[in-house]
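Numbering (my numbering), first residue to last: 173 to 413. The structure appears right after this line, and notes come after that.
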């Protein structure tokens, strides 16, 4: 799982919006997210934080190769040290012991009660599409967000056989709008690994010619805590509320 530069920039904007005060923000990541950026880009992306606190990854070359980044990218930042430097405590969960994981969970099933409304930011760096019970996986992400917190998804929109599913904008628009969240971003992300960019896509209207190998990126903020239910697609009468 990985987060490209436009998503990392979005995370920086989210962190700046959250009223941390004197406490550290709590972040939940659904699998370990490789950060696809150079350590040299950190001062521009996080100008209010000390880049000296962020450690480079010892395995940067392997990660660059795995994600198709050119060697000229240089060292990549260590995920935990970056979140620590921007005032966040990150909890990483996965279904298997895959590297740096804090807790083993199965997102096909409801999460334990201690996750409920426990996090300021929940990150899905490309995980729910690998869960057969995808509705429950997305519900788990939503229920883990505290009041006023954010959830960010980055999943395939046109990446065939990458996972069980390719996801449409209307999925996130309808699910979050109908469950007490407000949508802050709906976009496709496309382009080579070192130059990915957001592209506008309709939230609910049908469209053709989706960019190839595109990801669906959504950000929503929890403005009302309620029981998370199953949405009705806008096309068939579903309404925010």
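Where a beta carbon is used, it is the ideal one built from N, C-alpha and C, also for glycine.
The three-state secondary structure of residue 277, taken from DSSP, is coil. Boundaries of the beta strand (DSSP E) around residue 389: 387-394. In this structure, the alpha-carbon of residue 174 lies about 18 Å from that of residue 322.
Just measuring C-alpha positions, the residue of 405, 314, 372, 333 sitting nearest residue 392 is 314.
Between residue 365 and residue 240, the C-beta gap is smaller than 8 Å, which places the two residues in contact. Collapsing the DSSP output to three states places residue 202 in a strand. Residue state for residue 208 is assigned as strand, using DSSP reduced to three classes. Between residue 297 and residue 205, the CB-CB gap stays under 8 Å. Its chain contains 279, 283 as the residues whose beta carbon lies nearer than 6 Å to that of residue 312, once the 5 sequence neighbours on both sides are disregarded; these appear in chain order. The Cβ neighbour count for residue 195, taken over all protein chains shown within 10 Å, is under 16; the residue is labelled exposed. Residue pairing by DSSP puts residue 263 in a beta bridge opposite 200. Per the DSSP secondary-structure output, residue 296 pairs in a beta bridge with 325. Restricting attention to 386, 354, 326, 350, the CA atom closest to the CA of residue 399 is found in 350.
Taking the Cα positions, residue 185 is about 32 Å away from residue 333. Residue 255 and residue 242 have their alpha carbons spaced roughly 24 Å apart.
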